[in-house]
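K.L.:
Below you'll find the structure I mean.
So, in structure tokens, the structure goes:
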């Protein structure tokens, strides 16, 4: 080893090391440095010469020894001063020190120093061994960050976690598990499998035990079910229970199981509300799927299936053949052909057909909309009603409802965090899918992220960001505009925190809730809308009429009610078929919308509705008797002026009769005014049709 200037490093000749010492030191994989009592570097093995800080010990020194230079290069990670003297009699150990390169990178070491006598008769030397633990420290840091992220995800999803040691029948639960039931975790001690059995509903315990037995037997890889747990307050809550074997011995015998419990009470209540709504609608609401292999089943069906097909939902959940066997033999091919045509074109399925059950024949009408799934299957959402008594009356309801996603959080939640000091953003993989961003790209900056936001939601989101400045969770729902032009709804949940390094971060979860938003919108529309024509239905019309009657008494405003009925509509259905009849109704609905807008100069609020069958009604505010008569005359004239064109190049002459009634202070209810308009309509029919009459 060459000596450094100013005689700060002694040459190897000043301390003759015995061959054994030299061989032992040089053969060590750990870096070893020997210093004399003046702090001069006497010897370094090959491992030491590879250290990044070794070059600093070889630089020209003027006022410090090599040992002092080493101390300057090394820093204590706990903030305590690092000191090392060549005369230290006791061994010195430091588990973690670091040196910092010019580029800012840190190298971590563990250090051991002690005095040794290399040769008899010579002063003792200070032997310093350094072990590079940089990779270990880096791995520890990654593991800490991963644990932090997992903890954030569990906290963000509000999941209760559990682990069952099957050898001693003990359980470990997190605080959230106990909090879901209204307890503190300490109140539930000791934790055993009986803790679980204490709270689960007896009916659900049987199902849960069966799934666990299948899991232990290796028949399933994991289980997923919904069960009820008894809350401290006395009521039952619903939880999504997921679990799997977490450890096995060398023979494959299960040692432990672990999983999560996520409260889904609100979702179950929503399902019950949907079933309640379904019970209020005549017929059966369903979801029908044709799988890619051609097999069919009903993933969802309302309780009305018991009346329509005399089957239970469970009987057709996996196989639709029971339904097919109940269709009248003469109509079976018709049903099959219309379903196939709908599958090929992805157009609405509509069919009237008979069932034959125990010798009884019933007429049914079915309407459904198809959609193609990613796995190649096709799903229809629709309604089937019994039209035996009123076959000519069209009652089409569009109620599309996908099953509520089971634990909407776990599979579809994306996690993210942002370092406020550096602006560095972390995304979990699912966020790249949600934002349609290639995974080989880095997550966007905050400015890039704001460009995803729907313009109408930008101000709300900026205001929301200002609230995320404490240790509480904050929620918002907003839209984003994706690169392909699609607009999606997202739910954000975020909070301010500090990680283990003391860095200020904003962390949160993101979930795509577009399907839920669309479903809510469809449900709102279907409550008030006629499915065939897109006009308002009778329920909504009567509400508007009653409100207008109430407000007109206070403001002394005039308004008109026109009640319309297509003449001889039954003959149109009989002569041209019900599909042509539907097209006539749709044509009439569009004509009414156009004429009302023109005749009122789009200045008056108008409500146009289909009351049922071929009956329609128009409600126009701020309309005089003369204006109402002019509107009715225009409708009669325009409809009768030109035949309606339907499929197969057929042209159908259509006329209408109209009864007109203006509000009057002696009208005390919506049904009273509708009755007066109906009497005027009857007069128009009696006087030859294709005309209007005013209520006198």
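Residue numbers (this note's numbering): 1 to 696. Ideal Cβ positions, reconstructed from N, Cα and C, are used throughout, including at glycine. Quick caveat, the model's predicted, so the values are computed rather than measured.
Cα separation between residue 492 and residue 430?
P.N.:
C-alpha separation (whole angstroms): 14 Å.
K.L.:
Exposed or buried, residue 29, counting other C-beta atoms within 10 Å across all chains shown (16 or more means buried)?
P.N.:
Exposed: under 16 other Cβ atoms inside 10 Å.
K.L.:
Mapping DSSP to helix, strand and coil, what is residue 252?
P.N.:
Coil.
K.L.:
Could you give the distance in angstroms between the alpha-carbon of residue 8 and the alpha-carbon of residue 441?
P.N.:
Here the model assigns residue 8 a pLDDT of 37, short of 50, so the residue's position is not dependable, and the following value carries that caveat. If you take the alpha carbons of residue 8 and residue 441, they lie about 52 Å apart.
K.L.:
Between which residues of its own chain and residue 56 is the CB-CB distance below 7 Å, once the five residues before and five after are set aside?
P.N.:
Once the five neighbours on either side are set aside, the close Cβ partners of residue 56 are 69, 73.
K.L.:
Does DSSP put residue 664 in a helix, a strand or coil?
P.N.:
Here residue 664 sits in coil by DSSP.
K.L.:
With H, G and I counted as helix, E and B as strand and the rest as coil, what does DSSP make of residue 736?
P.N.:
For the chain, the structure presents residues 1 to 696; residue 736 sits outside this window and is missing.
K.L.:
Work out the CA separation of residue 131 and residue 446 for me, nearest whole Å.
P.N.:
Their Cα atoms are separated by approximately 41 Å.
K.L.:
Can you tell me whether DSSP reads residue 94 as helix, strand or coil?
P.N.:
The answer is strand: DSSP assigns residue 94 an E or B state.
K.L.:
Comparing alpha-carbon positions, which option in 134, 316, 314, 379 lies nearest residue 340?
P.N.:
Of the candidates 134, 316, 314, 379, the one whose C-alpha sits nearest the C-alpha of residue 340 is 379.
K.L.:
Can you find at least 3 beta carbon pairs, one from the stretch 622 to 633 and one from the stretch 541 to 551, that sit closer than 8 Å?
P.N.:
Judged by Cβ distances under 8 Å, the stretch 622 to 633 makes no contact with the stretch 541 to 551, as fewer than three pairs qualify.
K.L.:
Fully enclosed by the stretch 452 to 517, which alpha helix (DSSP H) runs are 4 residues long or longer?
P.N.:
Counting only runs of 4 or more, we get 458 to 467.
K.L.:
Do residue 618 and residue 566 have their CB atoms nearer than 9 Å?
P.N.:
No. Outside cutoff.
K.L.:
Below 8 Å, how does it come out for the stretch 181 to 198 and the stretch 210 to 219: are there three or more Cβ pairs, yes or no?
P.N.:
These segments do not touch.
K.L.:
If you check the beta carbons only, do residue 296 and residue 309 fall under 9 Å apart?
P.N.:
No, they are not a contact pair.
K.L.:
On the three-pair Cβ rule with 8 Å, is the stretch 91 to 109 touching the stretch 46 to 56?
P.N.:
Result yes; three or more Cβ-Cβ pairs closer than 8 Å.
K.L.:
Report back the beta-carbon spacing between residue 343 and residue 370 to the nearest angstrom; my notes put them in contact at under 8 Å.
P.N.:
The Cβ separation is near 6 Å, so the contact holds.
K.L.:
Inspect the beta-carbon positions of residue 383 and residue 283 and report whether they are closer than 9 Å.
P.N.:
Yes; because the gap between Cβ atoms is below 9 Å, this pair is in contact.
K.L.:
Count the other C-beta atoms from every protein chain shown that fall within 10 angstroms of the C-beta of residue 407, then say buried if there are 16 or more, exposed otherwise.
P.N.:
Confidence at residue 407 is low in this model, with a pLDDT of 38, below 50, so the placement of that residue should be treated as unreliable; the coordinate-derived value is given next. By the neighbour-count rule (16 or more Cβ atoms within 10 Å), residue 407 is buried.
K.L.:
According to DSSP, what are the bridge partners of residue 692?
P.N.:
In the DSSP output, where bridge partners are listed per residue, residue 692 has 658.
K.L.:
Between which two residues does the beta strand (DSSP E) carrying residue 609 extend?
P.N.:
606 to 612 is the extent of the beta strand (DSSP E) around residue 609.
K.L.:
Hey, residue 111 and residue 94 are a contact pair by Cβ (cut 8 Å); roughly how many whole angstroms apart?
P.N.:
4 Å between Cβ atoms; contact.
K.L.:
Note down the Cα distance separating residue 688 from residue 660, rounded to an integer number of angstroms.
P.N.:
So the alpha carbons of these two residues sit roughly 16 Å apart.
K.L.:
Per DSSP, which one or two residues make a beta bridge with residue 360?
P.N.:
Bridge partners of residue 360: 357.
K.L.:
By a C-beta neighbour count over all protein chains shown, 10 Å radius and 16 as the cutoff for buried, is residue 263 buried or exposed?
P.N.:
It is buried - the Cβ of residue 263 has at least 16 other Cβ atoms within 10 Å.
K.L.:
Helix, strand or coil for residue 628? Go by DSSP, reduced to three states.
P.N.:
Helix, per DSSP.
K.L.:
Consult DSSP for residue 698 and reduce its assignment to one of helix, strand or coil.
P.N.:
The structure shown has nothing for residue 698, since the chain only spans 1 to 696.
K.L.:
If you follow the alpha helix (DSSP H) that residue 202 is part of, which residue opens it and which one closes it?
P.N.:
Residue 202 -> alpha helix (DSSP H) spans 202 to 216.
K.L.:
Rank 301, 332, 325 by C-alpha distance to the C-alpha of residue 381 and give the top, closest one.
P.N.:
Here the closest residue by C-alpha is 301.
K.L.:
Hey, out of 170, 167, 161, whose CA is closest to residue 178's CA?
P.N.:
Cα-wise, what sits closest to residue 178 is 161.
K.L.:
Round the Cβ separation of residue 542 and residue 670 to the nearest angstrom and send it over; I've been treating them as touching at under 8 Å.
P.N.:
Indeed, because the Cβ distance is near 5 Å, the residues count as touching under 8 Å.
K.L.:
Check whether the stretch 115 to 127 touches the stretch 30 to 39, counting contact only when three or more Cβ pairs, one atom from each stretch, lie closer than 8 Å.
P.N.:
The stretch 115 to 127, when compared against the stretch 30 to 39, does touch it at the 8 Å Cβ threshold.
K.L.:
Compare the beta carbon distance of residue 232 and residue 239 with 9 Å and say whether it is the shorter of the two.
P.N.:
No.
K.L.:
Within this structure, are the beta carbons of residue 367 and residue 388 separated by less than 9 Å?
P.N.:
Cβ atoms of residue 367 and residue 388: not closer than 9 Å.
K.L.:
In three-state terms, what does DSSP make of residue 415?
P.N.:
Correct three-state label for residue 415: strand.
K.L.:
Considering only the alpha carbon of each residue, which of 676, 223, 201, 32 lies closest to residue 241?
P.N.:
Of the candidates 676, 223, 201, 32, the one whose C-alpha sits nearest the C-alpha of residue 241 is 223.
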